[in-house]
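Report on the following structure.
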Amino acid sequence: MILSINLWFFLEETYILLLKYFGELIELKCQYCGVNTDLPFKCPFCGGYFCIEHRLPEFHACQCVKRNLLQREFLPKRREEVARIPISRRIISKFSRILHRVSSPTEIAHLSLGTLVVMLVGFSAAISETLTVSFLGLYLLIFALTFILHELGHKFTAKYYGLWAEFRLSLIGLVVTLISALSPIIKIVSPGAVFVSGEASRSILGKISLSGPIVNLLLSTIFLTLNTLFNVSIIKAIFSWGSIINAYVALFNLIPFSILDGAKIFWWSKYVWIVMFSAALILVAANLVAL
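Spelled out as structure tokens, the structure:
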């Protein structure tokens with residue numbers, strides 16, 4: 009009995025001590041002036057607790073409000089700075105970002121040099137024609153488009169199938185193209201090729217190889233159609249050359265030999281190769297008749 013009474017007093021004293029201890033702990037004070045407060049206010053910006061006198065941000069020197077105000081002042085200035093940038097620079101910057109997503113500086117350098125060599129071939133072919141400077145530029149542009157669009161056809165078809173693909177110059181092809189630029193008769197335009205990396209089936213490789221000649225056949229058809237719409241002899245000559253060049257490039261690349269596109273297409277589907285080779289032959293014949 010005595011033991012139970014003593015235990016009760018012990019528990020009661022312990023309970024009182026705990027109440028005093030935790031009462032001191034949970035006693036809230038204003039974080040700005042230190043005054044005890046039963047109902048503190050929480051600042052929505054800094055998260056601190058304050059008395060009724062210092063509940064507003066400006067009364068407890070709230071640093072978070074100052075940062076927010078600075079950010080609000082900074083953003084309009086930043087927008088003004090961006091707005092001051094010339095639109096030409098913004099367009100060039102955006103174009104550069106897009107270009108780097110689909111290509112690389114190495115490919116751009118190789119493709120630029122290859123295009124320059126191809127334009128030399130076009131210049132050597134234009135010597136026999138009496139062209140003005142403006143028409144000569146258009147003539148060389150046709151040669152450049154014939155080469156660039158053919159290679160880009162391979163590249164974007166490969167990328168469509170999830171493969172890495174970039175144009176690279178070939179030493180042998182570069183030498184042969186330079187020699188053809190000096191030759192008055194033989195004109196071979198093949199300074200490089202699109203290299204493809206990744207897992208690809210026979211069908212995918214065939215379709216990648218097919219895309220280049222298809223581009224040239226389409227260009228040849230467009231130029232041949234334009235040739236029939238104009239009566240000015242110099243313009244007809246340029247469009248005629250554009251058509252025959254593209255038809256010739258398509259026919260040459262469709263030869264089923266070695267590293268040419270025709271070998272891969274023939275390996276993939278003989279029927280597709282027959283149709284494409286026949287179409288190229290017909291376009292070459294149509295251009296010869298139209299001359």
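Going by our numbering, the first residue of the sequence shown is number 9, and it counts up by one from there. Yeah, the Cβ is synthetic: ideal placement off N, Cα and C, and Gly gets one too. Note that this is a predicted model, so its numbers are computed, not measured.
Cβ neighbours of residue i in the same chain (closer than 8 Å, five flanking residues each side left out)
{"i": "Trp172", "result": "Ala166, Val204, Ser205 and Gly206"}
{"i": "Ile267", "result": "Ala201"}
{"i": "Phe265", "result": "Ala271"}
{"i": "Gln79", "result": "Because Gln79 sits at a pLDDT of 49, beneath the cut-off of 50, its placement in the model cannot be relied upon, and the following sentence gives the value as read from the coordinates. The answer is none, since no qualifying residue turns up."}
Contact check, residue i vs residue j, beta carbons under 9 Å
{"i": "Pro199", "j": "Ala258", "result": "no"}
{"i": "Ala288", "j": "Leu225", "result": "yes"}
{"i": "Leu148", "j": "Phe131", "result": "yes"}
{"i": "Val202", "j": "Glu174", "result": "yes"}
{"i": "Ala133", "j": "Asn235", "result": "no"}
{"i": "Ser277", "j": "Asn254", "result": "no"}
{"i": "Ala117", "j": "Tyr169", "result": "no"}
Beta-carbon separation (whole angstroms), residue i vs residue j, contact threshold 8 Å
{"i": "Phe155", "j": "Thr123", "result": "6 Å"}
{"i": "Ala195", "j": "Val129", "result": "It should be pointed out that residue 195 corresponds to Lys in this sequence rather than to Ala. About 6 Å; that satisfies the 8 Å criterion."}
{"i": "Ile216", "j": "His162", "result": "6 Å"}
{"i": "Ile246", "j": "Ile150", "result": "7 Å"}
{"i": "Leu121", "j": "Leu177", "result": "6 Å"}
Cβ shell of residue i (< 6 Å), same chain only, five flanking positions each side left out
{"i": "Gly181", "result": "Ser198, Pro199 and Gly200"}
{"i": "Ile263", "result": "Gly270"}
{"i": "Met127", "result": "Leu148, Phe151 and Ala152"}
Exposure of residue i, with buried meaning 16 or more beta-carbon neighbours within 10 Å
{"i": "Pro65", "result": "buried"}
{"i": "Phe285", "result": "buried"}
{"i": "Gly270", "result": "buried"}
{"i": "Cys41", "result": "exposed"}
{"i": "Gly31", "result": "Any answer about Gly31 is weak, because its pLDDT of 44 lies below 50 and its placement is not dependable; what the coordinates show is given next. Exposed."}
{"i": "Gly214", "result": "buried"}
{"i": "Tyr256", "result": "buried"}
{"i": "His62", "result": "buried"}
{"i": "Val223", "result": "buried"}
{"i": "Phe274", "result": "buried"}
{"i": "Val283", "result": "exposed"}
{"i": "Leu8", "result": "Nothing about residue 8 can be reported from this structure: the residues present for the chain run from 9 to 299 only."}
{"i": "Asn239", "result": "exposed"}
{"i": "Leu296", "result": "exposed"}
Residues of its chain near residue i, where Cβ-Cβ distance is below 7 Å and the 5 sequence neighbours each way are ignored
{"i": "Ser219", "result": "Gly161, His162 and Thr165"}
{"i": "Phe58", "result": "Cys38, Gln39, Tyr40, Pro48, Phe49, Cys51 and His68"}
{"i": "Lys272", "result": "Leu213, Gly214 and Ser217"}
The stretch 240-255 touching the stretch 175-192, judged by at least three CB pairs closer than 8 Å: As far as the Cβ criterion goes, the stretch 240-255 does not touch the stretch 175-192, which means the pair count is below three.
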